[in-house]
Amino acid sequence: MSDNSITVGDVEISHLYDLVADFPFPRTLDQAFPAVPAEAWEPYRRAYPSLFGPGNVPRFHVGCYLIRSRGRTILADTGVGPASLGMAKLFGTGGHLPDRLRSAGVSAEDIDTVMFTHLHPDHVGWNLQQDGGRYRATFPRARYVAHRADWDTVRRAEVQQKLAAIAPGYVGQTLTPLESLGVLDLADGDRVLSQEVTALHTPGHTPGSMSLLVASRGERAILVGDAIGHPAQVEHPDWGVIDDMDGPHAEKTRRQLLDRIEAEGLVLSASHFPEPFFGRVVRLQGRRSWQAL
Ligand SMILES: [Zn+2]
256 MSDNSITVGD VEISHLYDLV ADFPFPRTLD QAFPAVPAEA WEPYRRAYPS LFGPGNVPRF
316 HVGCYLIRSR GRTILADTGV GPASLGMAKL FGTGGHLPDR LRSAGVSAED IDTVMFTHLH
376 PDHVGWNLQQ DGGRYRATFP RARYVAHRAD WDTVRRAEVQ QKLAAIAPGY VGQTLTPLES
436 LGVLDLADGD RVLSQEVTAL HTPGHTPGSM SLLVASRGER AILVGDAIGH PAQVEHPDWG
496 VIDDMDGPHA EKTRRQLLDR IEAEGLVLSA SHFPEPFFGR VVRLQGRRSW QAL
């Protein structure tokens, strides 16, 4: 696992790995992408070998981002979290975000904003620490910003029941205390985070999914969270993943995002993309693909 940074005008965006692991539970490629025949993956096995484990098992890469400029330090997502959390237990290992932050020269106190691309368990794991049974914010000076539609969704009992299969108890352990600690900000639409960073509402994967548009000195990049979950979806936006909470809406959003990314020449990164994480959407012989910078 090695990280990578890019500059977008005056802004530095650093990818921070939390985890790379093969899915340990029943989650083969055909279960994750039920509409995609096995042979259709072959070109992507060659193009992105690090995204495939043994046999038919996807290899899961979980990335967070640090966005720094003009004295602001924004963390986008907080990974699967420590080994004690349900999802990390399934993988048999905790995430590495705290070490990665240290390597980037950033302390927990330096983070002024934690922005969630969405509230699935692999994006919120390091939100909180437990001291003697009491929760405290891992990033004590930060506002934690989520879209209200996701906050309302993950608090529904039937949604928690469904997610309990991969992350038992995660809402109570990583999300609910944010409210009582007074660190939570809920966005109702797009949200301007700084002069150079705007979170755009890009729903479908979850109702409150957000993409972060970074713009500075004529350069632009977009971090789409799980709105685009796999580089193969750049060519095939119709390849829905089982975790899309609203499949047709997720596909529509993917198509809109890809049209904009291609037309405007934006740098694209997504939470589960492999090294080197940042690329552009190019068209070769009429087919779109994600090409690393
Ligand atoms: Zn995810």
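Once you know that position 270 of the sequence shown is 525 in the working numbering, the rest is easy, because the numbers rise by one and skip nothing. Heads up, the beta-carbon is just placed ideally off N, CA and C, and yes, glycines get one too. All values derive from a computational prediction rather than experimental measurement.
Classification of residue i by the beta-carbon crowding that lies within 10 angstroms, buried from 16 upward
i	result
GLY480	buried
LEU284	buried
VAL447	exposed
GLY484	buried
ARG355	buried
ALA290	exposed
ALA338	exposed
GLY310	exposed
ALA293	exposed
PRO313	buried
ARG323	buried
ILE477	buried
ALA482	buried
Cut-off 7 Å between Cβ atoms - residues of its own chain near residue i, not counting five sequence neighbours on either side
i	result
VAL630	Given a span of 256 to 548 for the chain in the structure shown, any question on residue 630 remains unanswerable.
HIS504	PRO458 and GLY459
Nearest-angstrom Cα separation, counted from residue j out to residue i
i	j	result
GLU506	GLY387	44 Å
ALA487	ARG282	18 Å
THR457	LEU468	11 Å
GLY444	VAL400	12 Å
HIS351	ASP367	20 Å
HIS270	SER260	6 Å
TYR320	LEU330	6 Å
GLY541	ALA547	18 Å
GLY473	THR453	15 Å
PHE533	LEU436	35 Å
PRO413	LEU539	The amino acid occupying residue 413 in the given sequence is Glu; Pro does not appear at that position. Distance between the alpha carbons of GLU413 and LEU539: 44 Å.
THR431	PRO304	38 Å
LYS344	GLU297	31 Å
Close Cβ partners of residue i (< 6 Å) along its chain, the five nearest in sequence each way excluded
i	result
MET500	THR461
ALA422	GLY341, MET342 and PRO376
TYR425	GLY341 and PRO376
SER471	VAL263, GLY264, ASP265, VAL266 and GLU451
HIS402	ALA442, GLY463 and MET465
GLN415	VAL426
ARG325	none
Supposed contact pair residue j and residue i - C-beta distance, whole angstroms, cut 8 Å
i	j	result
HIS527	MET465	With 8 Å as the limit, HIS527 and MET465 do not qualify as a contact, their Cβ atoms being about 16 Å apart.
ASP405	VAL335	17 Å between Cβ atoms; not a contact.
ARG475	PRO492	Incorrect: roughly 21 Å between the Cβ atoms, too far for contact.
THR393	VAL361	At roughly 12 Å, the Cβ-Cβ gap does not stay under 8 Å, so THR393 and VAL361 are not in contact.
Bridge partner(s) assigned by DSSP for residue i
i	result
TYR299	BP columns for TYR299 are empty, so no partner.
THR457	BP columns for THR457 are empty, so no partner.
GLY318	TYR272
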